[in-house]
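Notes to accompany the following structure.
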Amino acid sequence: MPTNAALCAMLAVLLLVSSLLPEAIRVLVAVPMVLLVPGYVATKVAFPREPLDLERLCFAVGVSLAVTVLIGLLLNVVHMMNVAGWSLGLGGLTLVMLPFAKWGASKPEPLPAFRSAQKLSLTFGSLLAVSAVLLSGIGYSQLREFHFTELWMVPTQTAPTYRLGITNQEQIAMGYDLEVVSPDAVVASWNDIPLAPGATWQRDIQLPIKRNASVEQRFTARLYKHGDPTAAMQRVWASIPPTAAAKLVRLSDTDGADERPDIEGMR
244 MPTNAALCAM LAVLLLVSSL LPEAIRVLVA VPMVLLVPGY VATKVAFPRE PLDLERLCFA
304 VGVSLAVTVL IGLLLNVVHM MNVAGWSLGL GGLTLVMLPF AKWGASKPEP LPAFRSAQKL
364 SLTFGSLLAV SAVLLSGIGY SQLREFHFTE LWMVPTQTAP TYRLGITNQE QIAMGYDLEV
424 VSPDAVVASW NDIPLAPGAT WQRDIQLPIK RNASVEQRFT ARLYKHGDPT AAMQRVWASI
484 PPTAAAKLVR LSDTDGADER PDIEGMR
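Quick note: the sequence shown uses this note's numbering, first residue 244, plus one each step.
Here's what the structure looks like:
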């Protein structure tokens, strides 16, 4: 196998197992796989045994970027916009094309000499490309698409009991503060709920639903990061219309260990 083909195959295989690699190595493998390798292999399929001159190099880069965009659209449709999806898409496509590529031993043509204006344009374009990569890196570091906290409050089989739940998908251990309030009172609160990554916390609570209320009753659960009560991370609520409240015959307070009766602590 020619050296170029072996390098492309090695990068494709490394990308397929990139989830097992350190992040620094993953980036070193991903950059050429996004910018060059699939398009380079495609040029060897489309132009067998032709040297990689400047024209075909630009074509290879363009094809690689186009393939990356198309794979991204496909992954979005099948809900696989993650490391495994990108690895299978780019790495798998490269390995599929490799047997059809003709690597020939033709000598590469020398690159043409650049004029001063062309050198200036090339330098400016390179600076723009580097700046774009740096800016995208900043955006990637701030992306929290796959880091989130779930909060829910759903009715159980026994009215007026509702089940509260929290799931930590932040990828790190978290501490939470949770409170349930009505328009005029704090129904219950929990302080410093520790959750490991992927862990779930659940509690049942009986909402003080008024049977003869003539207006809608709303109970809101607000979740805060522990020690940061300035803004709620998540917020859910249960709305009880008057007709539904009339059917709920049981009224009960929450368990004393979890109750926070002082209204002054309401946010």
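Yeah, the Cβ is synthetic: ideal placement off N, Cα and C, and Gly gets one too.
For V326, the CB contacts under 6 Å within the same chain, skipping 5 residues up- and downstream, are S262 in chain order. Counting of Cβ neighbours within 10 angstroms places M253 among the exposed residues, the total staying below 16. Below 8 Å, enough C-beta pairs join the segment 439 to 455 and the segment 390 to 405 to call them touching: three or more. The count of Cβ pairs closer than 8 Å, one atom from the segment 452 to 460 and one from the segment 432 to 441, stays below three, leaving the stretches out of contact. CA-CA distance, A428 to K468, rounds to 22 Å. Here DSSP, grouped into helix, strand and coil, assigns F343 to helix. Cα atoms of S359 and S369: separation of roughly 15 Å, rounded to the nearest angstrom. Proximity to V272 across M417, L258, A285, A344 peaks at L258, based on C-alpha coordinates. The beta carbons of A442 and N411 sit closer together than 8 Å.
The continuous beta strand (DSSP E) containing L407 extends over residues 404 to 412.
By the 16-neighbour rule on beta-carbons within 10 angstroms, K287 is buried.
Taking all protein chains in view, the Cβ of E393 is surrounded by fewer than 16 other Cβ atoms within 10 Å, so the residue is classified as exposed. Annotation for S330: L258, L259, V260, S261, S262 place their beta carbon closer than 8 Å to its own, counting only its chain and skipping 5 residues before and after. When the beta-carbon positions are compared, S307 and G282 come within less than 8 Å of each other.
The Cβ atoms of A439 and A464 lie no closer than 8 Å to each other.
The residue among E413, K453, P398 with its C-alpha nearest the C-alpha of P426 is K453. Here the alpha carbons of A255 and P484 stand approximately 58 Å from one another.
For L377, same chain residues with a beta-carbon under 8 Å away, outside a window of 5 residues either side, do not exist.
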